[in-house]
Amino acid sequence: MSNKHTKIVISLALLVLVIGISYLISNYIQRLFYPREYSEYVGTYAAEFDVPEYIAYSVIKVESGFDKEAVSQKGACGLMQLMPDTYLWLVQTRGEKEGDILDPQENIKYGIYYLGMLYDRYEDWTLALCAYNAGMGNVDKWLENEPFEIQFIETQYYVNKLEVVIDKYKSLYYR
Numbered sequence: 000m001s002n003k004h005t006k007i008v009i010s011l012a013l014l015v016l017v018i019g020i021s022y023l024i025s026n027y028i029q030r031l032f033y034p035r036e037y038s039e040y041v042g043t044y045a046a047e048f049d050v051p052e053y054i055a056y057s058v059i060k061v062e063s064g065f066d067k068e069a070v071s072q073k074g075a076c077g078l079m080q081l082m083p084d085t086y087l088w089l090v091q092t093r094g095e096k097e098g099d100i101l102d103p104q105e106n107i108k109y110g111i112y113y114l115g116m117l118y119d120r121y122e123d124w125t126l127a128l129c130a131y132n133a134g135m136g137n138v139d140k141w142l143e144n145e146p147f148e149i150q151f152i153e154t155q156y157y158v159n160k161l162e163v164v165i166d167k168y169k170s171l172y173y174r
């Protein structure tokens with residue numbers, strides 16, 4: 000091989016190496032922004048309640064940014080931002096004893112349980128996520144209209160944001 004061809008081959012090899020390293024670094028950095036904290040709980044309860052892990056992680060990311068102590072102005076608590084009344088209803092539905100709503104395991108368990116219930120009810124993740132944000136009563140009212148339209152700007156924003164985050168989790172971890 001001539002010296003010119005050798006330089007071309009080495010240049011192409013270096014280019015491929017640089018592109019590969021850039022991809023790995025980019026992927027690593029993106030994963031820092033889209034973590035899978037509390038994986039032992041998310042994995043367990045996602046499997047138990049038949050909710051895709053990427054849905055659970057996306058809800059945690061959007062709701063609390065993985066802040067286990069988060070409490071909203073409206074009173075929603077913990078990683079999955081459960082309202083205390085909803086949490087108590089879910090505990091009673093399962094016939095279990097009330098725990099600490101801010102405990103990551105407890106919050107994730109009942110948040111994912113609720114997501115699974117909503118999906119079972121609506122058989123559609125968009126509708127389930129609307130109900131998680133706006134409540135079942137509102138989604139039921141919205142379903143009476145044809146075509147279905149989300150009536151709350153906050154819920155529309157929430158669902159749009161979740162769709163982006165869900166796509167990101169799927170592309171980073173669930174190909």
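For the sequence shown, counting from 1, position 67 maps to 66 in numbering that gives the first Met the number 0; every step adds exactly one. In this text, a Cβ means the ideal position worked out from N, Cα and C, and glycines have one as well. Bear in mind that the values here come from a model prediction, so they are computed numbers and not experimental data.
Classification of residue i by the beta-carbon crowding that lies within 10 angstroms, buried from 16 upward
| i | result |
| --- | --- |
| E153 | exposed |
| G94 | exposed |
| V158 | buried |
| L117 | buried |
| F48 | buried |
| P83 | exposed |
| R63 | The residue you asked about is not Arg; residue 63 is Ser in the sequence shown. Its Cβ being crowded by 16 or more others within 10 Å, S63 is buried. |
| I9 | exposed |
| Q72 | exposed |
| E122 | exposed |
| E39 | exposed |
| L81 | buried |
| A55 | buried |
| Y131 | buried |
Extent of the continuous alpha helix (DSSP H) to which residue i belongs
| i | result |
| --- | --- |
| V138 | 135-142 |
| P83 | 83-92 |
| E62 | 52-63 |
| V41 | 38-47 |
For residue i, three-class secondary structure by DSSP
| i | result |
| --- | --- |
| L225 | This structure gives no information on residue 225, because the portion of the chain shown stretches from 0 to 174. |
| V158 | helix |
8 Å contact criterion, which residue i and residue j should meet: CB distance rounded
| i | j | result |
| --- | --- | --- |
| Y128 | Y112 | The sequence given here has Leu at residue 128, not Tyr. About 15 Å separates the two Cβ atoms, so there is no contact after all. |
| Y168 | Y44 | Going by Cβ atoms, the distance from Y168 to Y44 rounds to 16 Å, so no, they are not a contact pair. |
| I100 | G115 | Between G115 and I100 the Cβ distance is about 18 Å, and since that is not below 8 Å, they are no contact. |
| M79 | N106 | 5 Å |
| Y37 | P103 | 5 Å |
| A133 | F151 | 5 Å |
Same chain, Cβ closer than 8 Å to residue i, five either side skipped, listed in chain order
| i | result |
| --- | --- |
| T85 | Y113 |
| V138 | Y121, L126, C129, A130 |
7 Å CB neighbourhood of residue i in its chain, flanking five on each side removed
| i | result |
| --- | --- |
| Y33 | K60, K167, Y168, L171 |
| I149 | C129, W141, Q155, V158 |
Close-in-space but distant-in-sequence residues of the same chain around residue i (CB under 6 Å, 5 per side omitted)
| i | result |
| --- | --- |
| V164 | S57, K60, V61 |
| E97 | V90 |
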